[in-house]
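In the numbering used here, the protein residues as written are 657 to 1312. Have a look at the structure below before the remarks.
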């Protein structure tokens, strides 16, 4: 039995009497309004019976986040099965297929280029003083290495391979690697410290430093025993290639090459970390460096895999407005069995991704079902389940570059990513500053000062939309959600790709949690009642945008980061294209308003090729340079724009 506050119940009954003489359709809507208000009452003694919407959402999430789909990784079986599931649902709901191939055949699947990994081709070789090292047993190319071969007269040991004036650390002080191969230790002097000042010296940074010191190739000494822990050929297309051919070698093989006793490299590493010996003295301890002739050859091939967006369309019914579209999106992919994106890096368990983002995909499907069933939308509504989001927004970038509906006629994009963990009714809505109407719309819907007409079953309408204009009514004063509003249209999800094309966006998100990017993000932890409430809220926003005679007016939003870990002390205000797998510069999707990049004249579509005197080939090069920049100092920046080289000056800003 439900127990209500006496005063609240009296008000609701009064409202019911006042509306009793209105048209039958309005009575139906009022009953539904009362239902949701009673269901969300803070003094409700028990939860109402699960609605059809909740049941459907649960079924979608349970399947998509099941072990059968193996974590839905793009390019792998599970990701393809997930795309097939969404496609089948679109077909069942009678959506129009959204993609037409070159032959004119229509379907729901829009393919895009995706590299799933890397494999060894013929001719990989590492030798030292005439001895060929055994592939996998003693060495392996790094999966991000460029192809190439080097015949060097020497291989020189250079400590951890770090050179940083601000840290008073120079592993190359006593070592000349010009024309040779640099041999360095994995990690940093304080690898166990997550807040280390040396944290910026990862794989790409060490390769950059080695190249700057004149090395032709880099060999990294692993701290692992390859006889027990075989190296893997790992690849992440977001990171780009290292600056020079790069490989990893077992510690045992390195000690043999350097003519050291077993365990002596550990001692050298400890000396370097504690600086208890000078680099000169450590160099003296190593025999044969000047005469250590070495050859390295790296030959890798990228593996191409199938990757898809899934697109279904509900055509508009207004003769004029059907030529405009609203995009509703959510990414369906996840991490498979983990890998570089996992926060359980040593786990190979299936990462089911129930919240991230089976929850958003389920919401997408239910919105598609309900809107298609109602058949009252004026504008064309395009539903897109994106692939490749976890690899750098690949699917959404592929779509905006190859849209099935003109981008210039796309009036808004609504994105749902991780909407399954509603707690204390706290809901983050990003992109509020990207359209003139967003803030007023979202806040009035949330406070009960609007109703919505013609909502299809089974979800209860929360408010009313009246001819595309706001109508004030007095149904409720309590807020539905504790809204956390963010102005920015850029962010780490697929709406960012659309905002970069000057499309107003909204992004819905219930926050991170302890299961984020871990195998424990399972379907039984999703708040389905909360997910249904969010689904109904988003539907009303879509109905409002659809009903307006005018499209939402695009605005350049203020930068208001939505949180997350800050890696750098400075910011330039660029929005990097994390999905750019090339190695000819860093493409940027946009620049934040009034940021250093904006003031320097950088634009969306530019490709940064030089920054602070260093060549920029990819995102890893960019992050390494950014970590060394200082607020308030002026630096050179060079971009390629339309085939032309454009030079400018940029002054980084410090982070608060």
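Backbone N, C-alpha and C fix where the C-beta goes; we use that ideal spot for every residue, glycine too.
Asked, Found
"What is the DSSP secondary structure of residue 1062, reduced to helix, strand or coil?", "coil"
"Along the chain, where does the alpha helix (DSSP H) containing residue 1051 start, and where does it finish?", "1050-1057"
"Based on Cα-Cα distance, which residue from 1275, 1058 and 1186 lies nearest to residue 707?", "1186"
"What span of residues does the alpha helix (DSSP H) with residue 737 cover, start to end?", "733-748"
"Name the DSSP bridge partner or partners of residue 1085?", "1141 and 1164"
"For residue 883, which three-state DSSP category applies?", "coil"
"Curious, which full-length beta strand (DSSP E) runs of at least 3 residues does the region 767-836 contain?", "771-776, 781-784, 795-797, 804-808 and 811-813"
"Considering just the uninterrupted stretch of the alpha helix (DSSP H) at residue 1248, what are its terminal residues?", "Counting along the chain, residue 1248 falls outside any alpha helix (DSSP H), and DSSP gives it neither H nor E."
"Between which two residues does the alpha helix (DSSP H) harbouring residue 1103 extend?", "1094-1103"
"Just how far apart, CA to CA, sit residue 896 and residue 798?", "12 Å"
"What's the gap between the Cα of residue 1267 and the Cα of residue 1292?", "6 Å"
"Three or more C-beta pairs under 8 Å: does that hold for the region 802-820 against the region 969-977?", "no"
"Would you check if the distance between the CB atom of residue 993 and the CB atom of residue 1000 is smaller than 8 Å?", "no"
"Alpha carbons only, please: which of 1018, 955, 790 and 1057 is nearest the one belonging to residue 714?", "1018"
"How would you call residue 721, buried or exposed, if buried means at least 16 neighbouring beta carbons within 10 angstroms?", "buried"
"Can you find at least 3 beta carbon pairs, one from the region 905-918 and one from the region 878-892, that sit closer than 8 Å?", "yes"
"Whose C-alpha, out of 1053, 914, 792 and 763, is nearest the C-alpha of residue 1153?", "1053"
"Once DSSP output is grouped into helix, strand and coil, what is the label at residue 953?", "strand"
"Ends of the alpha helix (DSSP H) at residue 864?", "859-868"
"Could you give the residue range of the alpha helix (DSSP H) that holds residue 1021?", "1016-1030"
"Could you tell me which residues DSSP puts in a beta bridge with residue 968?", "753 and 1039"
"Would you grab the beta carbon distance between residue 728 and residue 988 for me? Rounded to a whole angstrom, and I think it's under 8 Å.", "6 Å"
"Going by alpha carbons, who is nearest to residue 991 out of 730, 1303, 1265 and 712?", "730"
"Quick one: residues in its chain with C-beta nearer than 6 Å to the C-beta of residue 756, no 5 flanking neighbours on either side, listed in chain order?", "762"
"Suppose you measure from the CA of residue 784 to the CA of residue 832; what does that come to, to the nearest Å?", "18 Å"
"Which two residues bound the contiguous beta strand (DSSP E) that contains residue 1376?", "Residue 1376 is absent from the model: the chain starts at 657 and stops at 1312."
"Check whether the Cβ atoms of residue 1137 and residue 1075 sit closer than 8 Å, and answer yes or no.", "no"
"Have a look at 1157, 1149 and 1175 and flag the residue whose alpha-carbon is nearest the alpha-carbon of residue 1163.", "1149"
"Looking at the strands, I want to know which residues DSSP matches up with residue 763.", "755"
"Could you tell me if residue 860 is buried or exposed, where buried requires 16 or more neighbouring beta carbons within 10 angstroms of its beta carbon?", "buried"
"Between the Cα of residue 655 and the Cα atoms of 1309, 1262, 1234 and 1249, which residue gives the shortest distance?", "In the structure as shown, the chain starts at 657 and stops at 1312, and residue 655 therefore has no counterpart that could be examined."
"At which residues does the beta strand (DSSP E) containing residue 1136 begin and terminate?", "Segment: none, residue 1136 is in no beta strand (DSSP E) and carries neither H nor E."
"Determine whether the beta carbon atoms of residue 1208 and residue 1093 lie at a separation below 8 Å.", "yes"
"Between residue 838 and residue 871, is the Cβ-Cβ spacing less than 8 Å?", "yes"
"Taking only three categories from DSSP, how would you classify residue 687?", "Residue placement at residue 687 cannot be trusted, given a pLDDT of 39 that sits under 50; what the coordinates show is reported in the next sentence. Helix, per DSSP."
"Have a look at residue 1023 and residue 775 and give me their C-alpha separation to the nearest angstrom.", "41 Å"
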